[in-house]
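Student: Got a structure here, written out as structure tokens. Questions coming.
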Amino acid sequence: MTNPIYLDYAATTPLAPEVLEAMMPYFSNEFGNPSSIHRWGRKAEQAVEESRRTLAEIMHCEPNEIIFTSGGTESDNYGLRGVALALREAKRGNHIITTAIEHDAVIHTATQLRDHYGFDLTILPVDEQGCCRLADVEAAIRPDTLLISVMYANNEIGTIQPVREISNLAHTKNVLVHTDAVQAASQLEVDVTKLGVDIMAIGAHKFYGPKGVGALYIRKETPLMTMVTGGGQERGRRAGTSNVPYIVGLAAALRLTVDRRPNDIPRFNKLSSRLRQEILKIPDSKLTGHPTNRLPNHSSFVFKNIDGNELLMRLDLEGIAASSGSACKTGDPEPSNVILALGYDRAWALGSLRLTVGRQTTEDEVEKACEVVTRVVAQMRG
Ligand SMILES: *Cc1c(COP(=O)(O)O)cnc(C)c1O
Numbered sequence: 045m046t047n048p049i050y051l052d053y054a055a056t057t058p059l060a061p062e063v064l065e066a067m068m069p070y071f072s073n074e075f076g077n078p079s080s081i082h083r084w085g086r087k088a089e090q091a092v093e094e095s096r097r098t099l100a101e102i103m104h105c106e107p108n109e110i111i112f113t114s115g116g117t118e119s120d121n122y123g124l125r126g127v128a129l130a131l132r133e134a135k136r137g138n139h140i141i142t143t144a145i146e147h148d149a150v151i152h153t154a155t156q157l158r159d160h161y162g163f164d165l166t167i168l169p170v171d172e173q174g175c176c177r178l179a180d181v182e183a184a185i186r187p188d189t190l191l192i193s194v195m196y197a198n199n200e201i202g203t204i205q206p207v208r209e210i211s212n213l214a215h216t217k218n219v220l221v222h223t224d225a226v227q228a229a230s231q232l233e234v235d236v237t238k239l240g241v242d243i244m245a246i247g248a249h250k251f252y253g254p255k256g257v258g259a260l261y262i263r264k265e266t267p268l269m270t271m272v273t274g275g276g277q278e279r280g281r282r283a284g285t286s287n288v289p290y291i292v293g294l295a296a297a298l299r300l301t302v303d304r305r306p307n308d309i310p311r312f313n314k315l316s317s318r319l320r321q322e323i324l325k326i327p328d329s330k331l332t333g334h335p336t337n338r339l340p341n342h343s344s345f346v347f348k349n350i351d352g353n354e355l356l357m358r359l360d361l362e363g364i365a366a367s368s369g370s371a372c373k374t375g376d377p378e379p380s381n382v383i384l385a386l387g388y389d390r391a392w393a394l395g396s397l398r399l400t401v402g403r404q405t406t407e408d409e410v411e412k413a414c415e416v417v418t419r420v421v422a423q424m425r426g
């Protein structure tokens, strides 16, 4: 078999060599506990605080508005549950709004808050291109609404949401805004002043950093109930000895991502448009998500009367790593909730395919992938 082709950068990305290099000393010589008074501790603490400043500079916030977590999922959990519980305790209300296409890290947290903590929850629909409508947000806000959670860019269909407009609207009604920027951070600006959000989640492994580390931006003076209790780390907001090498890796990866963006984005756009151009020549195929207002590296499709899981397995046999949507759903025979939310019926929704390019993707790989997908879909139909 020829070299395998990885087109699943939305599921995870390889660790950038520069990031690994930045992390290495903190696995060996610089092993101190950042809470210790002595020099080993101070060095580790400096590394963590330097990383926090790097993130703050890129995200346009203050360093103490950032909490390090174990990844995108935990950041979403912390941002929603921690803030919702604290706001309710402050008698600010009991109602949460989110959308039908959020990542499970948000949806399952929101439904748990509804089913086990007694919050009211409104799940907003999206339009056929996966955009949340401002009019729906406006209509859903009630006097007791605390929080709205709307993702920055969708992992399955790439659509970018009008986060800025939603924040503006929410703030006129005294409602806080959380955004899941985990997928977006690899390519879009994560500037909280521009987005206007109060809470934002990111995770390093989506932008060439290590798995198992993330960050939560939480605007100062936002009430937050500590979800991990213990020592006083992260200013008492999340206990536990800091994961120093991974925090250093997170900051190095985000810095590198921002620095490389001017090179990466035009390349991603070019590779993705080639993919779309060829794949959409396949009969009974459609692009899912927004045609233009989407992540540059992201192409997603549905094919009528094709079993998406079988397609993925056949592509894997041909050496092509793709996805049908969220990595967490692989092996699940049900159509994705996100594709269903766009209004596709089962005959279309089961046949979804996501191809996402990245720094290592070459033009030759894209050509080869187009050829293989076209052939395999034809074989499956034939
Ligand atoms: C990957 C992803 C997550 C989960 O992040 P982990 O770091 O893998 O836990 C959450 N939301 C979105 C949009 C994602 O793409």
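Using the numbering used here, the first residue of the sequence shown is number 45, and each one after it goes up by one.
C-beta atoms are modelled at their ideal positions from N, C-alpha and C, and glycine is treated no differently.
A quick note: this is a predicted structure, and the numbers were derived from the prediction, not measured.
#1: The beta strand (DSSP E) that contains Thr-143, what's its start and end?
#2: Please indicate yes or no: does the CB of Gly-137 lie closer than 6 Å to some heavy atom of ligand 1?
#3: Can you tell me whether Gln-227 sits near ligand 1, meaning its C-beta is under 6 Å from at least one heavy atom of the ligand?
#4: What are the boundary residues of the beta strand (DSSP E) that includes Thr-189?
#5: Leaving aside the five residues before and after Gly-123 along the sequence, list all residues of the same chain whose C-beta is less than 6 Å from its C-beta, in chain order.
#6: What does the Cβ neighbour count give for Gln-321, buried or exposed, with the cut at 16 atoms within 10 Å?
#7: Whole angstroms is fine: what's the gap from Leu-300's alpha carbon to Leu-59's?
#8: When you compare only the Cα positions, how much space is there between Leu-131 and Ser-286?
#9: Near Arg-186, what residues of its chain come up, given a Cβ to Cβ distance below 7 Å and the 5 sequence neighbours on each side ignored?
#10: At 4 residues or longer, and completely inside the segment 268-328: list those alpha helix (DSSP H) runs for me, N to C.
#11: By the three-class DSSP mapping on this structure, what secondary structure does His-160 have?
#12: Just checking Thr-189 against ligand 1 - is the residue's beta carbon closer than 6 Å to any of the ligand's heavy atoms?
#13: Ser-95 lies in the beta strand (DSSP E); which residues open and close that run?
#14: Using a Cβ-based criterion (distance less than 6 Å to any ligand heavy atom), does Thr-400 qualify as near ligand 1?
#15: Alpha carbon to alpha carbon, how far is Asn-381 from Val-181? Give it in angstroms, no decimals.
#16: By the DSSP assignment, the beta strand (DSSP E) with Asp-224 in it spans what residues?
#17: According to DSSP, is Lys-135 helix, strand or coil?
#18: Provide the residue span of the alpha helix (DSSP H) that contains Leu-397, from first to last.
#19: At a cut-off of 6 Å, would you count Gly-333 as near ligand 1, judging by its Cβ distance to the nearest heavy atom?
#20: How many Å lie between Val-272 and Arg-281 at the Cα?
#21: Output yes or no for whether 7 Å exceeds the beta carbon distance between Leu-129 and Met-269.
#22: Taking Glu-216 as part of the alpha helix (DSSP H), name the residues at either end of that continuous run.
#23: Quick check on DSSP: helix, strand or coil for Asp-180?
#24: If we count the other Cβ atoms within 10 Å of its Cβ and call it buried at 16 or more, is Tyr-161 buried or exposed?
#25: Among residues of its own chain, excluding the 5 on either side of Gly-256, which ones have a beta-carbon nearer than 7 Å to its beta-carbon?
Tutor: Considering the structure as presented:
#1: 139-143
#2: no
#3: yes
#4: Boundaries of the beta strand (DSSP E) harbouring Thr-189: 189-193, taken from the DSSP string.
#5: His-222, Ile-243, Ala-245, Leu-260, listed in sequence order.
#6: exposed
#7: 11 Å
#8: 27 Å
#9: Excluding sequence neighbours, Arg-186 sits near His-139.
#10: 288-323
#11: helix
#12: Thr-189: no, Cβ never under 6 Å from ligand 1.
#13: Per DSSP, Ser-95 belongs to no beta strand (DSSP E); it is in the alpha helix (DSSP H), 83-103.
#14: At a threshold of 6 Å, Thr-400 does not count as near ligand 1, since its beta carbon sits no closer than that to any of the ligand's heavy atoms.
#15: 20 Å
#16: First-last of the beta strand (DSSP E) with Asp-224: 220-224.
#17: coil
#18: In the DSSP assignment, Leu-397 falls outside any alpha helix (DSSP H) and lies within the beta strand (DSSP E) extending over 396-400.
#19: no
#20: Approximately 8 Å, taken between the alpha carbons.
#21: yes
#22: Inspection of the sequence shows that residue 216 is occupied by Thr rather than by Glu. Run containing Thr-216: 207-216, per the alpha helix (DSSP H) assignment.
#23: helix
#24: exposed
#25: Contacts found: Ser-114, Gly-115, Tyr-290.
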